[in-house]
Each structure stands twice: as C-alpha cells, then as structure tokens.
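There are 2 protein chains.
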Amino acid sequence: MAMFVDARTRALQAASTDAVLPSSSDPVADLAAERRRAGFDVAELMRFLHGGQERIDRKARLAEMLQKTDWGNKSRRYFMTTEEQYVAGLQVAFGIRELVKEHGLSEADRRLLALMVALPGGLDVHDLMFVPCFIDHGTEEQQEKWVERARNCEVIGAYAQTELGHGTFVRGLETTATYDPERAEFILHSPTLTSTKWWPGGLGKTASHCILTARLFVKGVDRGPHVFVVQLRSMEDHKPLPGIMLGDIGPKFAYRGVDNGFLRFDHVRVPRDAMLMRFAKVTPGGEYVPPTADNAKSTYATMMYVRCGLAGDSARHLAMAVTIAVRYCAVRRQTAPSPGLKETQVLDYQSVSGTLLPLIATSFALHFSGKAAMASYHDFERRRDTGDFDGLAELHALSAGLKALCTWVTADGIEACRRSCGGHGYSRLSGLPDLYGFYVKNVTLEGENKVLCLQVGRHLIKALLAAQSGRPLRGAAAYLSDGFFEMSQLCAVDQRARWLDHGVQAEAFRRAAVQAVASAADLLREEGGGEVAFEGAVWNACNEAVIK
Amino acid sequence: MAMFVDARTRALQAASTDAVLPSSSDPVADLAAERRRAGFDVAELMRFLHGGQERIDRKARLAEMLQKTDWGNKSRRYFMTTEEQYVAGLQVAFGIRELVKEHGLSEADRRLLALMVALPGGLDVHDLMFVPCFIDHGTEEQQEKWVERARNCEVIGAYAQTELGHGTFVRGLETTATYDPERAEFILHSPTLTSTKWWPGGLGKTASHCILTARLFVKGVDRGPHVFVVQLRSMEDHKPLPGIMLGDIGPKFAYRGVDNGFLRFDHVRVPRDAMLMRFAKVTPGGEYVPPTADNAKSTYATMMYVRCGLAGDSARHLAMAVTIAVRYCAVRRQTAPSPGLKETQVLDYQSVSGTLLPLIATSFALHFSGKAAMASYHDFERRRDTGDFDGLAELHALSAGLKALCTWVTADGIEACRRSCGGHGYSRLSGLPDLYGFYVKNVTLEGENKVLCLQVGRHLIKALLAAQSGRPLRGAAAYLSDGFFEMSQLCAVDQRARWLDHGVQAEAFRRAAVQAVASAADLLREEGGGEVAFEGAVWNACNEAVIK
Numbered sequence: 001m002a003m004f005v006d007a008r009t010r011a012l013q014a015a016s017t018d019a020v021l022p023s024s025s026d027p028v029a030d031l032a033a034e035r036r037r038a039g040f041d042v043a044e045l046m047r048f049l050h051g052g053q054e055r056i057d058r059k060a061r062l063a064e065m066l067q068k069t070d071w072g073n074k075s076r077r078y079f080m081t082t083e084e085q086y087v088a089g090l091q092v093a094f095g096i097r098e099l100v101k102e103h104g105l106s107e108a109d110r111r112l113l114a115l116m117v118a119l120p121g122g123l124d125v126h127d128l129m130f131v132p133c134f135i136d137h138g139t140e141e142q143q144e145k146w147v148e149r150a151r152n153c154e155v156i157g158a159y160a161q162t163e164l165g166h167g168t169f170v171r172g173l174e175t176t177a178t179y180d181p182e183r184a185e186f187i188l189h190s191p192t193l194t195s196t197k198w199w200p201g202g203l204g205k206t207a208s209h210c211i212l213t214a215r216l217f218v219k220g221v222d223r224g225p226h227v228f229v230v231q232l233r234s235m236e237d238h239k240p241l242p243g244i245m246l247g248d249i250g251p252k253f254a255y256r257g258v259d260n261g262f263l264r265f266d267h268v269r270v271p272r273d274a275m276l277m278r279f280a281k282v283t284p285g286g287e288y289v290p291p292t293a294d295n296a297k298s299t300y301a302t303m304m305y306v307r308c309g310l311a312g313d314s315a316r317h318l319a320m321a322v323t324i325a326v327r328y329c330a331v332r333r334q335t336a337p338s339p340g341l342k343e344t345q346v347l348d349y350q351s352v353s354g355t356l357l358p359l360i361a362t363s364f365a366l367h368f369s370g371k372a373a374m375a376s377y378h379d380f381e382r383r384r385d386t387g388d389f390d391g392l393a394e395l396h397a398l399s400a401g402l403k404a405l406c407t408w409v410t411a412d413g414i415e416a417c418r419r420s421c422g423g424h425g426y427s428r429l430s431g432l433p434d435l436y437g438f439y440v441k442n443v444t445l446e447g448e449n450k451v452l453c454l455q456v457g458r459h460l461i462k463a464l465l466a467a468q469s470g471r472p473l474r475g476a477a478a479y480l481s482d483g484f485f486e487m488s489q490l491c492a493v494d495q496r497a498r499w500l501d502h503g504v505q506a507e508a509f510r511r512a513a514v515q516a517v518a519s520a521a522d523l524l525r526e527e528g529g530g531e532v533a534f535e536g537a538v539w540n541a542c543n544e545a546v547i548k
Numbered sequence: 001m002a003m004f005v006d007a008r009t010r011a012l013q014a015a016s017t018d019a020v021l022p023s024s025s026d027p028v029a030d031l032a033a034e035r036r037r038a039g040f041d042v043a044e045l046m047r048f049l050h051g052g053q054e055r056i057d058r059k060a061r062l063a064e065m066l067q068k069t070d071w072g073n074k075s076r077r078y079f080m081t082t083e084e085q086y087v088a089g090l091q092v093a094f095g096i097r098e099l100v101k102e103h104g105l106s107e108a109d110r111r112l113l114a115l116m117v118a119l120p121g122g123l124d125v126h127d128l129m130f131v132p133c134f135i136d137h138g139t140e141e142q143q144e145k146w147v148e149r150a151r152n153c154e155v156i157g158a159y160a161q162t163e164l165g166h167g168t169f170v171r172g173l174e175t176t177a178t179y180d181p182e183r184a185e186f187i188l189h190s191p192t193l194t195s196t197k198w199w200p201g202g203l204g205k206t207a208s209h210c211i212l213t214a215r216l217f218v219k220g221v222d223r224g225p226h227v228f229v230v231q232l233r234s235m236e237d238h239k240p241l242p243g244i245m246l247g248d249i250g251p252k253f254a255y256r257g258v259d260n261g262f263l264r265f266d267h268v269r270v271p272r273d274a275m276l277m278r279f280a281k282v283t284p285g286g287e288y289v290p291p292t293a294d295n296a297k298s299t300y301a302t303m304m305y306v307r308c309g310l311a312g313d314s315a316r317h318l319a320m321a322v323t324i325a326v327r328y329c330a331v332r333r334q335t336a337p338s339p340g341l342k343e344t345q346v347l348d349y350q351s352v353s354g355t356l357l358p359l360i361a362t363s364f365a366l367h368f369s370g371k372a373a374m375a376s377y378h379d380f381e382r383r384r385d386t387g388d389f390d391g392l393a394e395l396h397a398l399s400a401g402l403k404a405l406c407t408w409v410t411a412d413g414i415e416a417c418r419r420s421c422g423g424h425g426y427s428r429l430s431g432l433p434d435l436y437g438f439y440v441k442n443v444t445l446e447g448e449n450k451v452l453c454l455q456v457g458r459h460l461i462k463a464l465l466a467a468q469s470g471r472p473l474r475g476a477a478a479y480l481s482d483g484f485f486e487m488s489q490l491c492a493v494d495q496r497a498r499w500l501d502h503g504v505q506a507e508a509f510r511r512a513a514v515q516a517v518a519s520a521a522d523l524l525r526e527e528g529g530g531e532v533a534f535e536g537a538v539w540n541a542c543n544e545a546v547i548k
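Heads up: the sequence lines are chains A and B, in that order.
Counted from 1, the first sequence has number 417 at position 417 by UniProt numbering; the numbering is strictly sequential.
Counted from 1, the second sequence has number 371 at position 371 by UniProt numbering; the numbering is strictly sequential.
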C-alpha cells in the first residue's frame, strides 16, 4: 500500500522548534486510500445486503430521528454506572415508543430503532417474550384480558423459566403449582434452594408481573412444566406481594443495564385462570386436560424460531467487530520495514490479515446461513398450519446445529477481532470488549452449545443408521445417503487444480461428515456391546466423538 | 459417581404440604464425595507445589491477618463502582504497607499478601516499575536522591512508555527530549497526536512523577529512546504542572480500578539530571556518551524477566479458573439419565470433563514451565554478571515464546472454564468473567503474542539453517540438530503401545518441530528467490507459516 503525504504532520513539524519528527500515521488518508482500492461497487453490495435502496434510506431517516433525542446519544455509554445504564434502558424503551407513535412507524421500524440504539434492557423481555406468550399460550379470554394492558405498559412482565438449578433441562424445573379444587386456585411454591428462579431479565426491578413456568400438580399427579401469569409486585408501591421474594442477581460479564432477577414463592395462591390454557387445561373441578399431540409439538416452535434468529443475528455482530478491527488495522502502523521508511499498516502483516479477512468472509456466510435458517422456519410454519409436522425433527436439528455453530464462530471471531487491535482492543472505547461480553452469552443460553451439538449428532446418527439399512433420507440429511454411497468409491480428483471445483469440495465435506457420523456410530455400537443407545453412560462416554 | 442421601431436602419436603419434590442437588455431599475419591495425598501435593509446609503455614497466617482488616474484605468487590474500586486499590496498597511494618514482614510476604487480595491498582506500578527503574537505570546519586523518597511514598510514580501510536515497536516512540546546552535542560514535547503517552497505570489520577521514555535529541542527532524522571503534578494541590496535560483514558475490558492514563508535554523543561544516566549520558556541555555494548544488552534483561514472570504467573490464573469450574461442574447436576434417577453431575459428561481435565493438567505443565523459565533467567543473570552474554539470544527467544504460549493457553483456558459453567459462568459472582477480563490483557501486553512468535520463528529458522550447514547448536534449540538427523530415519515405532513411551513422544515432537521450521524456511527461500530474509515483504508474506 502506498505512502501518503501527511499535511497535518508537516504543519505540526513546522510549528515545532525543538525536534522534527514525522507523524507515525495519517488515519484519514490511510482509510480513504483503502476505500478507493475496493474492487466492487460498495453501494450495490449495500443494497443487496439491506434488501434495496429503500431500506437503506429508511434506516438513514430513523438514524436522523434518533440523533434528535437525548436517549439516542451514545457518547456517555461507556461511562455510565450500572444504575444509570438501567435507567437509560428504560428511557430508550419509552423513547422508541414515543417515536413510533409520533411518526406512525411500523413494527419493523421499531425493531430497527432498537437495534440501532443497541442498549439491552428496558422493555426487551416484556415486548419480545411476555406479550407474545399470551398470544401463543393464552385462551381468547386471556388474550383479551392481558394483551392490550401489556402493550400499553399497564402491566410490565418478565419471563420466569430458568431456575438456579435448571436451565437446559426444562423438565427438571422444581417450582410447583399445585391445584386446590376447593378454592379453584393454584398454590405456587419454591420447595428447594435450587428451585429459585434465576436470570429472568426485567425481573430484578422492572416487572409488575411475570410469565411463570412451574411444574403442575393436579390431584397429586405431576404433569410437568406449564405456563402461568402471576402478579409479583403491588400496583401501588411496586413492593413484592406477600409470599414473594425477589430481587436483582447482581453483576454480570456485560449486560450491565439489565435487571436479571431471582424469584421465590412461599405458598402463593393465584386464581385458576392464572394458568395459560390455550393447550393444556385444568377444569374448575380439578380435571387435567392434556394438550393434543400437535399442540405439544407446537411448543417447540418458539424455541426453534429463537434459535434460527440467533443464527441470523450472529452475522450482524461479527460484521460489527470485523469492521472495527479492519478499519483500525488499516490505520494503525507499526514497525518500519527499514529505517526511514513509513511504518507498515498492521493489516499488511499476514498474521493480521490472515485473521481478519476470513472473518469478513465468515460474516457473509453467517448472513446467508441465517436467512436460509429463517426461510426453513417459515416453511415449517406454513406446513404446520396445514397439520403437517413432518419437518419438525429436521428443523429441530438444523436450528440447534446452526445456533451452536454460528454463535461459537461469532463469539470467537469477535474476540479474535478484539485481540487484533492490540492494547486499544482492551479499551471499552473500541466497542469490542462490550461486544464480546454482550454476545458471548449466546454460547450458553437458549440451549448450551455442546448440548445442542449432541442433539444434532443424535439426529445425524439416526439418519445414517436409517440410510445404512436402506431407508431413503429426506431433507437436509439426505446428503448422508450420497456420502454413504461415495465412501465406497475412490476420490476421482487427479489434478491439484480440481480441488478448487465446488462440486469436489462439497463431495469432500460430505465424505468427511459421513466419516465423522459413522465413526461416532461405530464407537457407540462398540461401547454399547452392539447396541446404539442415545442416552445414559455409553452416550456420555462417546460425547466427544459425537460433537466432532 | 454414587447418589447420596439428601437430608436437607427431605426436611424441606416434610415441611411442604403441597408437593413432594426431591432437591436436584446437594452440593456439600457431592463435593465431599468427589474429594474422598482422590487417588493421591492432597496435603503432600500442596507441600510440593508450595515448596514445603512452612510456606503453607505462612500463607495461612497472612490470610488471618487479612481477615482482620476492612480493606481485605472481598464481599463487595463485584458491586463497587469504578471510583470505589480505585479508592479500594489505594486502601489495599497502604493497608499492606501497614501490615508489613506492624508485623515486620518480608518482601516475599508483602508480595504474597498482594496476590491474595488480588485487587489490581493501588501502588502496583510504583512498587514494581517506578522504584526498580532508579535502581536499574539511575546513577548512584540519582538512586540516593529518589529511591528512599519513592519507597516512603513522598513521590508516587508511573511508568510512561507506551504511546497512542506505539506499543510493541519501542523504537517508533515519538515523544521528544531535546537537550538545550545553554540552560543544561531537556525540553520534553509531544509533537504529534500519536505521541500522546497512553495506558500507563497510576498516571490517570495517582502519580506525582513518572519515568518517561522519550526520544533523545542532542545537537540535532536522534539518539533513540532514553529514560527520564519527570514531575507531573504539583506537590501542593496535585494539579498538573504547566505544559502538562494528563488524565484517565477511560473504561477497559476489566481492570476497572486502575487509573490507566494519558500524558502530553508542551515544551516542558526539566533539568539535566532528569535523565537516568547509569548507562547513556549527556554531559552538561551537550556531548552524548552512549552505553557500552554490554549495557545496551542489559536493558533487554528486564523485558525477559517480565516475560518469564508472565509465563510462571499463568499457571496460577489457569489453576484458579479450573478449580472454580471443576468444583461447580461436580456440584451442578443436569438431566436425569432416565426418569426417577438423580440427575447426572455435569462433570460426568465427557464434553465437560474432556474440556476441564486437560486444563488441570495444563495448569501443572504451566507451573513447571514457569519455574524452568525463571531458572533460565537467573542462570543468564549469573553469567551476565561475569560478562558472559552468550545466552542472551536464546533466553530472548525462550522468554518470548513461553510468554506467548503460556498467556494464550491460559486466557483461552480461563474462557473455556467460564463457558463450562453455563449461565452461572456469565455471572461475575462466579469470579470467572473478571478473571478472564483481567488476564486476557497479557496476550497483547509486554510484546503482542503473534509478534513474539515471529521472533521465536526467526530464532529457530536461523538455528536450523546453522544446523543444516553443519554448525553445532547449543542450548535449547539443540534438539533441532537431533530432529534434523531423525528426519532422515524412519520412525521406529512398530507397536501401538510404544506411542505411550515418553522418548517416542519427545521424538515425535522434535520431528514435528523440525518439519514446521524447515517448511517455513523453505517457503521463505522460495518466496525470496533463494534468499532467506527476516524482514520486509517476503517475511510478512510468510508470517502464518512461521507462526505455525
């Protein structure tokens, strides 16, 4: 990359009477030069990624609106205390509501504004989980009773599922809801320390109500986790109601402004209609009516939707990180190739470009993978609505696998970007420490990644066993059939250049995948004395092989 | 692992009238059971690691002293604001000084106390860099003038070397010190934005003085970076002196309580004896007297000492992280193998033990590598004092390589431990987010790791080229000669079990190392048209091969 005249440095040198030293860098000139070297039409790429000029213009208009507000100002972001950040989160949430009302903005605009402000907290859980939960799980009456009040913020809700002792294993939740037919009430109780609800956002300080996942007991029978709506705090003074103990769980890696909370019940009575009864029901007399099989399956849909969303969302985060890092490394110069020469742009060191350029490519790959995942989800939804649940197992595996892969690649990629910025990447002002701390929670939430990989492994091994026994495979795992066949053939590549052929590369990936799945299946069979089991000690002992 | 009676849960169940649920865990019983299963003498291992029972007892006595102080109390650690943490850092520093005086403690005790409190900030830089710098670089007069005053905290110092534009490449520093023979003074100046001192700990708020690295100009000749002592703030009101602009650089990934600062000079005059003149000198009349060649070499020693220290220190940090993670995963239970059974200890999942158990082994390997590195350093020091500088290049490569390897392994290991704790690893109360944020700076400071790897690569390639041309290799790189010879022989292993033989494993590592170094050298030769160059474009283009 060329060297540039550094007018500002010359001026500084002229003003200096005691020593003449060239400035080591001219960021503006360096970045302009790099931008001039782009071998493609940047505006066209932007239009393609955003989905047209109209959306780019809309985003610019929204950015203008934000710039006129107090709460959209990010300049103090890294200097706020935890308390200030919590308050700012609420100001943003209500500020966006006002902008939406004032300018008649759409739901898509509202989401885009929230993404642009990028301050977690506020009413995120209320908007994204509490309100939708009534629509997904409430009867029509319950929707009428709650949805409008919630949308108007007359009540503000948290989503209390995870407990101190249980996250991934939802069936292990210990909070109980015992039906008392005499008074037609449920008794909510936290029988153990580990049954304490732990982590729900908005619960620590904000929420007046919550959606509660509790284990339902009717006539002494354990019916497993069900969903309830519960008032937690007084509508007069916001103090916890009798029998309810709750608060903030304290500081986290990042996510400072979010009031993640804890919650315990001591035999708290709520009316029968606290249970959201669109699917499962408890009659006033105490009869339990289970959901239909299809409805039970439908409850997986939200989880898959969230996981597909996390896959798509990963691209945006990695793109932010790699943009910061590439710009910095284009501007940062360090070490002159020989005395007297301008120092080298850090991006020109292979050890830096070899880290960052593949991450640019990765962020594009994640962008399109996320779009494909979401398209698969919507396709499943359309078929589900006609009663066709065939795609469930596959979408479950696809969303689980993509969530794990995309969040791992992104979290590690952000940290690689941060480290590429040397000391300055350690400053929060680079944006990168907060981006990592904020993002990395996705590796463990909504299904811990290694557990999800095991679920994908189970799905693939079952598919391979089916293929081996001659059954045709459909959907995304169908490549295992092809790969299974290919494994009996020699690789046809005879020239070095043919490895660049996309078909050959896809074949190599298929072979590698089949090889990995087959050896995991073999190991399971060997350890299991001829049987392939998908849980228990043998399964645990083969975890590493399955994850690979 | 066996299941245990859970008396507390039974009591809770008995008290509960509405539902009977077993507690999902009994941490106390689980941990006690795991400890009983140790196959070795824990006390003996402790004595071995600490270096005898006496040291363990001493540590216990120091812990007792700490427990009686206010400032040794860690319970509010994660709830403090940045400002509170800064103040706490100073309270700890002065508190430890009082304990040392009161109990007549040794320097080793003082260091151990500081490690146990583990609150970065306070007078760390003053004690570890400012005071030693006078001893290393000052004349006897300068030592007399400064050392006692500094030890008594009459002056408090920072160490201002790194600039906004230069860290790793010290020769690129831009702050100037121009000698004015008429007034026998140096004029300190910051001629460019990038010459701003940036990062020095203790500079933002605490320091009254600093050690300054500035580029020395005498009679118009640039003599490169030299070391000065400079008063920054008034001894009356602690305000910056005229011509000096300084402050705090703002929030970082972690390290909240440390007042990392910035500093600029606008033609600030300091007397001639501000330059520490044990090695290089400027006479009153303005003659520059360079250091002897040996003295110039000696200035590397501090850097190598710090890097060997970082290698040894890594073990302690990884050991803390893996201890937290292993204990948590022994206590955390998730998912029952089949309904009705107690849930599985997370540590029993291979995906978890496969992560954590190798990290325990790694922390031991780091412990002994760090000890060996420090022994090599002390060995070098002994020989240096007899005028023997032969070991310099090798110790330089060894300390650089070990610093990079140990800090990478440790930073990534801490983060792997954190992620193994699932959601609870995201809580600062687990200790792990702060441990990661605190530790990971070591990957980029005191020589960015990839740059250090390139230095090691250069050293090894030079050694291999020497071996190939028949010259005998001495010291740690001598294995390249053996490996070079071995590469011409077939591997002698004929039975699977022989791979477990330590000699065979060492041979395999030698062969792999020679292979890696040789292929990097070949690539350099190929790209360089037959010549092997260690800088410039060809070197940059081969970075990745060299780092591997």
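In this text, a Cβ means the ideal position worked out from N, Cα and C, and glycines have one as well.
Check: DSSP three-state assignment for Lys205 of chain B, whether helix, strand or coil; Outcome: coil
Check: Closest by C-alpha distance to Glu236 of chain B, when choosing among B:Glu381, B:Ser208 and B:Gly224; Outcome: B:Ser208
Check: For Asp248 of chain B, the three-state DSSP class (helix, strand or coil); Outcome: strand
Check: 8 Å Cβ cutoff met for Thr410 of chain A and Leu366 of chain A; Outcome: yes
Check: The ligand MN heavy atom lying under 7 Å from the CB of Lys441 of chain B; Outcome: Because no ligand of any kind appears in the structure shown, any question about the ligand MN cannot be addressed here.
Check: 8 Å Cβ cutoff, Gln334 of chain A in contact with chain B; Outcome: yes
Check: For His137 of chain B and Phe279 of chain B, believed in contact at Cβ under 8 Å, the rounded distance; Outcome: 7 Å
Check: Residue-chain proximity (Glu527 of chain B, chain A), Cβ-Cβ < 8 Å; Outcome: no
Check: Span of the beta strand (DSSP E) around Tyr439 of chain A; Outcome: Per DSSP, Tyr439 of chain A belongs to no beta strand (DSSP E); it is in the alpha helix (DSSP H), Leu432 to Tyr439.
Check: N- and C-terminal bounds of the beta strand (DSSP E) containing Tyr349 of chain B; Outcome: Run containing Tyr349 of chain B: none; DSSP gives neither H nor E here.
Check: Residues, ordered as in the chain, of the segment 248-264 of chain B that lie near chain A by beta-carbon distance below 9 Å; Outcome: Ile249, Gly250, Pro251, Lys252, Phe253, Ala254, Tyr255 and Asn260
Check: For Ala184 of chain B and Gln161 of chain B, the rounded distance between their alpha carbons; Outcome: 24 Å
Check: Test: Phe509 of chain B CB closer than 8 Å to a CB of chain A; Outcome: no
Check: Contact set between the segment 154-165 of chain A and chain B, restricted to residues whose Cβ is under 9 Å from the partner; Outcome: Thr162, Glu163, Leu164 and Gly165
Check: Contact list for Pro433 of chain B against chain A, beta-carbon separation under 9 Å; Outcome: Pro251, Lys252, Phe253, Ala254 and Gly437
Check: Contact set between Ala419 of chain A and chain B, taken where Cβ atoms lie within less than 7 Å; Outcome: Contrary to the premise, residue 419 of chain A reads as Arg rather than Ala in this sequence. The answer, in chain order, is Val443 and Thr444.
Check: Rounded straight-line distance, which links the Cα of Phe79 of chain A to that of Pro251 of chain B; Outcome: 7 Å
Check: Simplified DSSP assignment, three categories, for Ser25 of chain B; Outcome: coil
Check: Contacts of Ser519 of chain A in chain B (Cβ-Cβ under 9 Å); Outcome: Within chain B, no residue comes near Ser519 of chain A; the closest Cβ sits about 15 Å away, beyond 9 Å.
Check: Any chain A beta carbon closer than 8 Å to Phe79 of chain B; Outcome: yes
Check: Three-state class that DSSP yields for residue 553 of chain B in the structure shown; Outcome: Residue 553 of chain B is absent from the model: chain B starts at 1 and stops at 548.
Check: Neighbour list for Arg428 of chain B in chain A, Cβ cutoff strictly below 9 Å; Outcome: Gly250, Pro251, Lys252 and Phe253
Check: Cβ of Gly167 of chain A within 8 Å of any chain B Cβ; Outcome: yes
Check: Own chain partners of Asp57 of chain B with C-beta closer than 8 Å, once the 5 adjacent residues on each side are dropped; Outcome: none
Check: Proximity of Gly475 of chain A and Arg307 of chain A at Cβ, strictly below 8 Å; Outcome: no
Check: Chain-ordered chain B contacts of Lys342 of chain A [CB-CB under 9 Å]; Outcome: Per Cβ cutoff of 9 Å: no residues; Lys342 of chain A is ~11 Å from chain B at best.
Check: Close beta carbons around Val92 of chain B, own chain, < 7 Å, minus the five adjacent residues each side; Outcome: Trp71, Val117, Leu119 and Gly122
Check: C-beta neighbour in chain B for Trp71 of chain A, strict 8 Å; Outcome: no
Check: CB contact below 8 Å: Glu84 of chain A versus chain B; Outcome: no
Check: Asp494 of chain B in three-state terms, based on DSSP; Outcome: coil
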